[in-house]
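Undergrad:
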Amino acid sequence: MRLSPSVVILLLTVCTFLAFAVLSHAEETKGPQPPTGLRCEYLINPLGVDTPKPRLSWMLEHGERGQAQSAYEILVSAGSGTERGEIWASGKVDSAESVHVVYAGTALQSGRSYYWKVRYWDKDGRPSPFSQVALFDTGLLSRADWKGRWIGGKSQLRKDFELRKKPARARAYVCGLGYSEFRLNGHKIGRSVLDPAWTTYDKRALYVTYDVTRYLQPGRNAAAVMLGQGWLKAKVLLVQIDIELEGGERFEVVSDGSWKATDGPIVADSIYNGETYDARLETPGWDSPGYDDSSWSAAETFPGPKGVLSAQMMPPIQVVDTLVPLKMASPKPGVYVYDMGQNFSGWVELRVRGRRGTAVKLRFAEMIYDDGMINQENLRGARAEDVYILKGEGEEVWEPRFTYHGFRYVELDGYPGVPALNAVRGRVVHTAVEPVGSFACSKPVLNSLQRIIIWGQKTNLHGIPTDCCQRDERMGWMGDAQGTAEEAIYNFDMAAFYTNFLRDIRDVQDEKGTITDTVPHVWGSRPADPAWGTAYPLLCWYVYQYYGDRRILEEHYEGVRKYVEYLRTRAEEGLVKYSYYGDWVAVDKTPGSIVSSFYYYYDAKVLAEMARILGKEADAKAYGDLAAAVKTAFHREYFDPKTRSYANGTQTANALPLFLDMVPEGERGGVWGNLFDNIVYKNDSHLTTGIIGTKYIMELLTNAGASDLAYDIAVQTTYPSWGYMIENGATTLWELWQLRQGPSMNSHNHPMFGSVGSWLYKTLAGINLAPGSVGFEKIRIAPQMVRDLRFAAGTTRTVRGEVSSSWSRDERCVRLEAVIPVGSEAEIVIPQFNLENVMIREGDQVIWDGKAYRAGVAGVQSVDKAQGNFIIKVGSGRYDLRLNGD
Ligand code: BGC
């Protein structure tokens, strides 16, 4: 399309006008703005909250810099329109707290909707307008609220029921184990798939709450459920629909023996092996009212799992994305192989026309052989095969429900005719955690690294953090979970997810305090390898640090204490030496016992901190003493004064004690020397670490002022390195540094080496919690402007709002833009380099005149110079800093 000059002028005029409108609006938005991002227990408008005293959080908005909250007011009401605050009117509360404010109104009741809004007073006492109204719905708070019985056995269940009037409010509480799809009057309810998340069912089963008001109608209605095997490998369901009719009458539909059941078109389903769907067995209309189910049998009733029922208080698993294939080839007559261009978890949607009874087989793989056929060797016992049998009625579009695969390639066999490129579309399936981070820089290999970290991480969130998503595992391996947690937190909103996973961990703990290598426990051992079991204290600690969540410490203090006490029972000469995996999948092996002892120290130290924060002084002292004793024993046992190395002197063996400051001062130089020699001279600036050493070594180097070396390691492209994976076509992180090592341990989507992801944010973008601060209340922006890096930019949305840092530099100038949320403060550290006579400007105002700080710029509190860095203290706001030198 070509635009005439007059149209172009008109468009320009309109744009200019709009720009002015935006600017003048910005002028008007001075002062405190309505709070945004209202959350209850980390979730936006959650349904089914089952915490008696949920916590409310909001983000502050303000038109000025250097602002903070001095007081807040919360109103909670039963109706969305009234907003009277009859349930809770907090009054004006003098407090800076905008995160995790504990509900303190009248006792919450089961199955109700609560509407809330909040306003705040800024530091100068000016009130903001009220926020928009947010909602939280309570779940079924006691077991007695559940009226139905567990039913199931078959794959399709249904029940018709009558409503005398239009429903005013209806909620469905569904606990369908292993997997379930809930339907009403012909509609699938909710966007989630593979629900509910996997738990230790004997301890806790999760139910999902849906608002189903608009799916119900006066007259006849039908509730219907499809059940899959899931992790339980059994099909059972408990459902309750609570309906309030117009006029106030209440009505319940519950699962019981009056439901009807049959086997449907899903003739086989297994997480690992795939799903077989025979479309000829479909029973159209089965999920709508009036369907003749007289030939169906009565649903069987079951005792159900023993565990408590608790609300699924985290984002559901969803189809998050749809991918079109990159290309299709036919390596053999009748066999078609699609390359989706990306390794991911999920399945494909199939489009096909053909004769009734034709079976199309879809097989999934991460790799292909040289001849173009798919290579499923590394899937071990997982068949990863879906079969669709056509009903022969025009175009048929199908996707499975109760399985998922980890794959990049799809093979089609038995397809009638030659399939088009769009005969399959990739459906990316994982827990729909919100992406909150982004990172980019001037070094392409690091951008690729960020990309494969993201894909590896998100596609391994399936209700629990999984090790991989393709072979016969996909389990909550705890070592992998703890190693990747900080990376995940910078990239995604993990708060609710980890809150749930920590309960999963508690669910596997026994009376002795032991926990297991995988959670829920399927494989691995009890007691867990200490480097795996440490996920319990460390995840608590990360959730506390990054999200400012004190309640998580309260909830798990006793569990973590029992865990550390268990470790103590295993101590030999003050150290915990048992180990199964240690520094797993390292190039240079480190004795497992030093890894276990390191975590014994780490866990005791974290427990002591937890105790201190919770005001348990005696415990804080006792576990502090324990940690000190372990530290002494550690050095005595593993340090070799002759070589000035720990254990066998691998990178990991020396890095671990350095990371936690366990090396006596006099020996530090020697140990550092050994570590440098090993990395730089022996290994040409490559890591030879497994997942444990890798987690700490990059940050350790940065903290010791060796960011250049950490960067050299990060940008390597030869074995062993992340760049080597990328050079060899990785689209997700691998399990091993090497490309191939036999089929049994060779996953190509394994997030655990992605721990380096937090280093990208912390070091290159420079976004850090200030030491001692939690929840990003105090921030330290300290980007390392290393080697040939010309720019880096990172953003992460925290509980207080967006934190971002992006910088660029050339010979004369360093520029840094930072965003600090309202209520937070930051220290921005910028290296001086070789710049002489530096002037620093914020926007166009001078804040450092070459010799001293110049006050007067809003938000900027001070500028100092120390050890070759400028330290600029700022309050909240957006800053554009420029350092210009001669
Ligand atoms: C898993 C790992 C896990 C390990 C423990 C493997 O099979 O895939 O990621 O941490 O076992 O040794």
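Residue numbering for the sequence shown is 12 to 897, as defined by our numbering. Where is the CB? At the ideal position from N, CA and C, for every residue including glycine. Everything numeric in this text was worked out from a predicted model, so none of it was measured.
#1: Quick one: grab the DSSP three-state call for Met378.
#2: For Met756, does the count of other Cβ atoms within 10 angstroms reach 16, so buried, or fall short, so exposed?
#3: What are the start and end residues of each continuous beta strand (DSSP E) run of 3 or more residues lying completely inside the stretch 149 to 216, in chain order?
#4: Using the Cβ count rule (16 or more neighbours within 10 Å means buried), how would you classify Ala431?
#5: Which ranges would you report for the alpha helix (DSSP H) in the stretch 505 to 569 if only whole runs of at least 4 residues count?
#6: Comparing alpha-carbon positions, which option in Ala496, Phe375 and Tyr501 lies nearest Tyr509?
#7: Under 8 Å by Cβ, that's how I've got Ile858 and Val874 pegged, so tell me the actual separation to the nearest angstrom.
#8: Thinking just about the alpha-carbon of each residue, which of Val598, Gly544 and Tyr568 is nearest to the one in Ser590?
#9: Would you kindly work out how many angstroms separate the C-alpha atoms of Leu34 and Lys41, rounded to a whole number?
#10: Measure the alpha-carbon distance for Ala322 versus Asp860 and round it to whole angstroms.
#11: Heavy atom of the ligand BGC less than 7 Å from the Cβ of Gly490, yes or no?
#12: Tell me where the beta strand (DSSP E) around Asp636 begins and ends.
#13: When the distance is taken between beta carbons, is Ser101 closer than 8 Å to Arg95?
#14: According to DSSP, simplified to helix, strand and coil, what is Ile724?
#15: What three-state label does DSSP hand Met351 in the structure shown?
#16: Relative to the ligand BGC, is the shortest distance from any of its heavy atoms to the C-beta of Tyr592 smaller than 7 Å?
#17: Closer than 8 Å is the cut-off here; do at least three beta carbon pairs connect the stretch 480 to 487 with the stretch 447 to 464?
#18: Tell me whether Glu72 is buried or exposed, calling it buried when 16 or more other Cβ atoms sit within 10 Å of its Cβ.
#19: With burial defined as no fewer than 16 other Cβ atoms inside 10 Å of the residue's Cβ, what is the status of Lys706: buried or exposed?
#20: So who's on the other strand from Cys452, going by DSSP bridges?
#21: Please determine whether the Cβ atom of Ala473 lies at a distance below 7 Å from any heavy atom of the ligand BGC.
#22: Of all the options Ile831, Asn659 and Asp636, which has the alpha carbon lying nearest to the alpha carbon of Lys600?
#23: Work out the CA separation of Leu119 and Gly524 for me, nearest whole Å.
#24: Should the stretch 862 to 869 be called in touch with the stretch 139 to 149, which here means at least 3 C-beta pairs below 8 Å?
#25: Just to confirm the assignment, what range does the alpha helix (DSSP H) spanning Val767 have?
#26: Taking 7 Å as the cut-off, is the C-beta of His567 nearer than that to any heavy atom in the ligand BGC?
#27: Do Thr414 and Ser281 have their beta-carbon atoms positioned less than 8 Å apart in this structure?
#28: Would the stretch 670 to 684 and the stretch 645 to 660 be scored as touching if the rule is three or more Cβ pairs under 8 Å?
#29: Using DSSP's beta-bridge definition, name the partner residues of Ser815.
#30: Buried or exposed, going by whether 16 or more other CB atoms sit within 10 Å of the CB of Ala32?
#31: Looking at the unbroken alpha helix (DSSP H) that takes in Lys693, where does it start and where does it end?
#32: By a C-beta neighbour count over all protein chains shown, 10 Å radius and 16 as the cutoff for buried, is Pro446 buried or exposed?
#33: What's the call for Tyr225, buried or exposed, on a 16-neighbour Cβ count within 10 Å?
#34: Secondary structure at Gly318, three-state DSSP: helix, strand or coil?
#35: If you follow the beta strand (DSSP E) that Glu396 is part of, which residue opens it and which one closes it?
#36: Count the other CB atoms, across all protein chains shown, that sit within 10 Å of the CB of Cys186; report buried if there are 16 or more and exposed otherwise.
TA: Short version:
#1: Locating residue 378 in the sequence shown gives position 367, where the first residue counts as 1. Three-state DSSP puts Met378 in a strand.
#2: Here the question's residue 756 lines up with position 745 in the sequence shown. Looking at its Cβ environment, which holds fewer than 16 other Cβ atoms inside 10 Å, Met756 is exposed.
#3: 161 to 163, 167 to 174, 178 to 188 and 190 to 195
#4: Residue numbering aside, residue 431 sits at position 420 when the sequence shown is read from its first letter. That one is exposed.
#5: Qualifying alpha helix (DSSP H) stretches, in chain order: 506 to 519, 541 to 544 and 546 to 558.
#6: By 1-based counting over the sequence shown, the position of residue 509 is 498. Answer by Cα proximity: Ala496.
#7: Position 847 of the sequence shown, counted from the first residue, corresponds to residue 858. Position 863 of the sequence shown, counted from the first residue, corresponds to residue 874. The Cβ separation is near 5 Å, so the contact holds.
#8: Position 579 of the sequence shown, counted from the first residue, corresponds to residue 590. The option with the nearest alpha carbon to Ser590 is Gly544.
#9: What you label residue 34 is simply residue 23 of the sequence shown in a count that begins at 1. What you label residue 41 is simply residue 30 of the sequence shown in a count that begins at 1. Confidence in Leu34 is poor, its pLDDT being 46 and thus under 50, which makes the residue's placement unreliable; the coordinate value appears in the next sentence. Spanning the two alpha carbons is a distance of roughly 12 Å.
#10: Start at 1 with the first residue of the sequence shown, and residue 322 comes out as number 311. Start at 1 with the first residue of the sequence shown, and residue 860 comes out as number 849. Distance between the alpha carbons of Ala322 and Asp860: 58 Å.
#11: Mapped onto the sequence shown, residue 490 falls at position 479. Correct: Gly490 has its Cβ closer than 7 Å to the ligand BGC.
#12: If you number the sequence shown from 1, residue 636 lands on position 625. Counting along the chain, Asp636 falls outside any beta strand (DSSP E), though it belongs to the alpha helix (DSSP H) covering Glu628 to Tyr649.
#13: Mapped onto the sequence shown, residue 95 falls at position 84. Mapped onto the sequence shown, residue 101 falls at position 90. Not closer than 8 Å, so no.
#14: Along the sequence shown, read from residue 1 onward, the residue named residue 724 stands at position 713. Three-state result, Ile724: helix.
#15: The sequence position of residue 351 within the sequence shown is 340, counting from 1. Here Met351 sits in strand by DSSP.
#16: Against the sequence shown, residue 592 aligns to sequence position 581. For the ligand BGC, at least one heavy atom lies less than 7 Å from the Cβ of Tyr592.
#17: no
#18: Here residue 72 is taken as the residue at index 61 of the sequence shown, counted from 1. Looking at its Cβ environment, which holds 16 or more other Cβ atoms inside 10 Å, Glu72 is buried.
#19: As a working mapping, residue 706 is identified with position 695 in the sequence shown. Lys706 should be labelled buried.
#20: Along the sequence shown, read from residue 1 onward, the residue named residue 452 stands at position 441. In the DSSP output, where bridge partners are listed per residue, Cys452 has Ala803.
#21: Here residue 473 refers to the residue found at position 462 when the sequence shown is read from its first residue. One point to set straight first is that residue 473 is His, not Ala, in the sequence displayed. For the ligand BGC, not one heavy atom lies less than 7 Å from the Cβ of His473.
#22: As a first step, residue 600 must be located in the sequence shown, where it is residue number 589. Of the listed residues, the one whose Cα sits closest to Lys600 is Asn659.
#23: As a position in the sequence shown, residue 524 is number 513, starting the count at 1. As a position in the sequence shown, residue 119 is number 108, starting the count at 1. One C-alpha to the other measures close to 33 Å.
#24: These segments do not touch.
#25: The count along the sequence shown starts at 1 and reaches residue 767 at position 756. From DSSP, the alpha helix (DSSP H) with Val767 extends over Val767 to Trp770.
#26: Taking the first residue of the sequence shown as position 1, residue 567 is located at position 556. Outside the cutoff, so no.
#27: Within the sequence shown, residue 281 is the residue found at index 270, counting from 1. Within the sequence shown, residue 414 is the residue found at index 403, counting from 1. Closer than 8 Å, so yes.
#28: Contact between the stretch 670 to 684 and the stretch 645 to 660 is present, with at least three C-beta pairs closer than 8 Å.
#29: On the sequence shown, position 804 is the one that residue 815 refers to. For Ser815, which the question treats as bridged, DSSP gives the partners Thr806 and Val830.
#30: As a position in the sequence shown, residue 32 is number 21, starting the count at 1. Caution applies to Ala32, whose pLDDT of 49 falls short of 50 and renders its modelled position unreliable; the value that the coordinates give is listed next. By the neighbour-count rule (16 or more Cβ atoms within 10 Å), Ala32 is not buried but exposed.
#31: Position 682 of the sequence shown, counted from the start, is the residue given in the question as residue 693. It is not in any alpha helix (DSSP H) - Lys693 carries neither H nor E in the DSSP assignment.
#32: Your numbering for residue 446 matches position 435 in the sequence shown. Exposed, by the Cβ-count rule.
#33: Indexing the sequence shown from 1 puts residue 225 at position 214. The identity of residue 225 in the sequence shown is Arg, whereas the question assumes Tyr. Per the 10 Å Cβ criterion, exposed.
#34: Mapped onto the sequence shown, residue 318 falls at position 307. The answer is coil: DSSP assigns Gly318 none of H, G, I, E or B.
#35: Indexing the sequence shown from 1 puts residue 396 at position 385. Note, Glu396: beta strand (DSSP E), Glu396 to Ile400.
#36: On the sequence shown, position 175 is the one that residue 186 refers to. Buried, since its Cβ has 16 or more Cβ neighbours within 10 Å.
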